[in-house]
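Q:
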Amino acid sequence: MPSVTIDASVLAAPISNAEKELVHQYVETLLDWKRLLEEPLVDIYMSEFAAEVLVEDGLYPLRPALDSLFKQCGIVEYDVNTVARLAESFLLVKPSFEETFNLSDVLATEVTMEPDLLSTVTSKNIASELARCIILTAILRKYCRHPVDDHTLIIRSSAGGASVVNVKALIHDLEHHRDDIESIPEPPAYLKGSVLVCQTFQELVKNIDENAIWRDADNDIKMALAIKIALYKLCLERGLEAQIENFRAFTFGHHFFATAKACSQTNHDSLVGRIIRATVETIDNTSLADTHALRMGKGGNEPQHKRGQDKAWRRDIDYEYHLHYWECDDGSVEFASVVTHNDFSIPEL
Numbered sequence: 056m057p058s059v060t061i062d063a064s065v066l067a068a069p070i071s072n073a074e075k076e077l078v079h080q081y082v083e084t085l086l087d088w089k090r091l092l093e094e095p096l097v098d099i100y101m102s103e104f105a106a107e108v109l110v111e112d113g114l115y116p117l118r119p120a121l122d123s124l125f126k127q128c129g130i131v132e133y134d135v136n137t138v139a140r141l142a143e144s145f146l147l148v149k150p151s152f153e154e155t156f157n158l159s160d161v162l163a164t165e166v167t168m169e170p171d172l173l174s175t176v177t178s179k180n181i182a183s184e185l186a187r188c189i190i191l192t193a194i195l196r197k198y199c200r201h202p203v204d205d206h207t208l209i210i211r212s213s214a215g216g217a218s219v220v221n222v223k224a225l226i227h228d229l230e231h232h233r234d235d236i237e238s239i240p241e242p243p244a245y246l247k248g249s250v251l252v253c254q255t256f257q258e259l260v261k262n263i264d265e266n267a268i269w270r271d272a273d274n275d276i277k278m279a280l281a282i283k284i285a286l287y288k289l290c291l292e293r294g295l296e297a298q299i300e301n302f303r304a305f306t307f308g309h310h311f312f313a314t315a316k317a318c319s320q321t322n323h324d325s326l327v328g329r330i331i332r333a334t335v336e337t338i339d340n341t342s343l344a345d346t347h348a349l350r351m352g353k354g355g356n357e358p359q360h361k362r363g364q365d366k367a368w369r370r371d372i373d374y375e376y377h378l379h380y381w382e383c384d385d386g387s388v389e390f391a392s393v394v395t396h397n398d399f400s401i402p403e404l
């Protein structure tokens, strides 16, 4: 399951004399990431020290600073309490990054990054916390037998809009409770690693690999997640931001997961993407030339298979594989099975 850690800088209100545009940008960033709370596309974490760092820098609680900023800039289109509650909702996210990944803290010196993210942060404490999270994430990605390579750090800003940050540091001490950490370089040798970062929900969605989610899925909930990611990407391609609510609802029948996994495991490198594409086109009601009514018999005049008022359909995935599904009477889609070319059956449950 992809995951993210939201850096404390994202929640920190702009400085007291900030321009109106910067305050607007701050609020819009929070609203952008609110989608992660409403639609669980990824697991969300915060550092257990995020609130503490904000307090130390006088940036928390948020209401007094936001109230002053909104009055100073003449902002009436946003409500101070609503914005403050939204920021606080992220701080309440549990479990923490450290608890989830069994990393407690790191003592590091001579920390350098490319690009230099630390130069984009004005607060010394927040910069130190950002460096700590980046180093810990780099360790998870490179120095564990079971690397965590689908974790992204959400940051306030990135020099040059980079999506990968390379980090180098001397590691003097690492507090952890993992049993798979190997060969952390000791001074004078440097730890060297990389971290995925993003600044917007759109960037995050574009960087998630729905095919990998599908291949690793151990239940149909994760398969549904892969389809939702593909639907979000389709929205973005069309310039519709992320209006996924405009698509038809979809569900899975009891046999879909088993049949889809069986076919995917046999031909996973090439077939997974085509299965996901077929489900998205079905939900989007496009590429209709690839669809055919699933009939009771082989003849073209045979009646279409029905389940009450629901109608059975067959969509070509490629020549060898096909997607069988129900067009339900309520307008939703129920994916029933993935089958080979000569299989015209469809489960009713």
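Residue numbers (my numbering): 56 to 404. By construction, the Cβ of each residue, glycine as well, lies at the ideal position given by its N, Cα and C atoms.
Run through DSSP, which three-state label would L85 get?
A: Against the sequence shown, residue 85 aligns to sequence position 30. Three-state DSSP puts L85 in a helix.
Q: Compute the beta-carbon to beta-carbon distance between S174 and M101, rounded to the nearest angstrom, for a pair I have assumed lies under 8 Å.
A: Position 119 of the sequence shown, counted from the first residue, corresponds to residue 174. Position 46 of the sequence shown, counted from the first residue, corresponds to residue 101. Their Cβ separation, rounded to whole angstroms, is 23 Å, which puts S174 and M101 out of contact at 8 Å.
Q: Which residues does DSSP list as the beta-bridge partners of C194?
A: What you label residue 194 is simply residue 139 of the sequence shown in a count that begins at 1. One point to set straight first is that residue 194 is Ile, not Cys, in the sequence displayed. Partner(s): none; I194 has no beta bridge.
Q: Would you call the segment 276–283 in contact with the segment 255–262, where contact means no fewer than 3 C-beta pairs closer than 8 Å?
A: No, the segment 276–283 is not in contact with the segment 255–262.
Q: Which residues mark the beginning and the end of the alpha helix (DSSP H) in which A68 is found?
A: Stepping through the sequence shown from its first residue, residue 68 is reached at position 13. A68 -> no alpha helix (DSSP H), and no H or E assigned at all.
Q: Taking DSSP's pairing of strands, which residues face M168 in a bridge?
A: The residue given as residue 168 occupies position 113 in the sequence shown. Partner(s): V222.
Q: If we count the other Cβ atoms within 10 Å of its Cβ and call it buried at 16 or more, is G248 buried or exposed?
A: Within the sequence shown, the letter at position 193 stands for residue 248. Label assigned to G248: buried.
Q: Along the beta strand (DSSP E) that carries H140, what are the first and last residues, could you check?
A: Residue numbering aside, residue 140 sits at position 85 when the sequence shown is read from its first letter. Strictly speaking, residue 140 in this sequence is Arg, with His absent from that position. R140 -> not in any beta strand (DSSP E); alpha helix (DSSP H) instead, spanning V135 to L146.
Q: Residue range of the alpha helix (DSSP H) that D98 falls in?
A: Here residue 98 refers to the residue found at position 43 of the sequence shown. Premise fails: D98 lies in the beta strand (DSSP E), D98 to M101, not in any alpha helix (DSSP H).
Q: Report back the beta-carbon spacing between S71 and S123 to the nearest angstrom; my notes put them in contact at under 8 Å.
A: In the sequence shown, residue 71 corresponds to position 16, counting from 1. In the sequence shown, residue 123 corresponds to position 68, counting from 1. Confirmed, about 6 Å.
Q: Determine the direct distance from the alpha carbon of D264 to that of L146, and round the result to whole angstroms.
A: In the sequence shown, counting from the first residue as 1, residue 146 sits at position 91. In the sequence shown, counting from the first residue as 1, residue 264 sits at position 209. If you take the alpha carbons of L146 and D264, they lie about 27 Å apart.
Q: Consult DSSP for D271 and reduce its assignment to one of helix, strand or coil.
A: Stepping through the sequence shown from its first residue, residue 271 is reached at position 216. It is helical.
Q: Does the contact criterion of 3 or more C-beta pairs under 8 Å hold for the segment 233–251 versus the segment 190–203?
A: Yes, they touch.
Q: Hey, would you say V108 sits closer than 8 Å to I181, going by beta carbons?
A: As a working note, residue 108 is residue 53 in the sequence shown. As a working note, residue 181 is residue 126 in the sequence shown. It is a contact, given that the beta carbons lie within the stated cut-off.
Q: If you compare alpha carbons, which of D365, A391 and V148 is closest to H377?
A: Counting from 1 along the sequence shown, the entry for residue 377 is found at position 322. The residue with the shortest Cα to Cα distance from H377 is A391.
Q: Please list the terminal residues of the continuous beta strand (DSSP E) segment that includes F307.
A: As a position in the sequence shown, residue 307 is number 252, starting the count at 1. Per DSSP, F307 belongs to the beta strand (DSSP E) from F305 to F307.
Q: Taking the alpha carbon of A348 as the reference point, which residue from I61, L295 and D365 has its own alpha carbon closest?
A: In the sequence shown, the residue the question calls residue 348 occupies position 293. For A348, the nearest C-alpha among the options comes from D365.
Q: Per DSSP, what kind of secondary structure is G354 in: helix, strand or coil?
A: The residue labelled residue 354 in the question sits at position 299 within the sequence shown. Three-state DSSP puts G354 in coil, outside helix and strand.
Q: How close, in whole Å, do the beta carbons of L333 and R370 come, if the pair is a contact with beta carbons under 8 Å?
A: Along the sequence shown, one-based indexing puts residue 333 at 278. Along the sequence shown, one-based indexing puts residue 370 at 315. Reading off the sequence shown, one finds Ala at residue 333, where the question assumed Leu. Rounded, the Cβ-Cβ distance is 5 Å, consistent with contact.
Q: Do the segment 119–135 and the segment 159–167 make contact, defined as three or more Cβ pairs closer than 8 Å?
A: Counting Cβ pairs under 8 Å, fewer than three are found: no touch.
Q: Can you tell me whether M168 is buried or exposed, with buried defined as 16 or more other CB within 10 angstroms of its CB?
A: Position 113 of the sequence shown, counting from 1, holds the residue named residue 168. With 16 or more other Cβ atoms within 10 Å, it is buried.
Q: Determine the direct distance from the alpha carbon of V148 to that of F305, and round the result to whole angstroms.
A: What you label residue 305 is simply residue 250 of the sequence shown in a count that begins at 1. What you label residue 148 is simply residue 93 of the sequence shown in a count that begins at 1. If you take the alpha carbons of F305 and V148, they lie about 28 Å apart.
Q: Whole-angstrom Cβ separation of A285 and I330, contact assumed at under 8 Å?
A: Working through the sequence shown from its first residue, we reach residue 285 at position 230. Working through the sequence shown from its first residue, we reach residue 330 at position 275. Actually they are not in contact, since the Cβ atoms of A285 and I330 sit about 10 Å apart, beyond 8 Å.
Q: For I61, which option in V135, E76, A73 and S144 has the closest C-alpha, if you only look at C-alpha atoms?
A: For the purposes of this step, residue 61 is taken as residue 6 along the sequence shown, with counting starting at 1. Per the Cα distances, S144.
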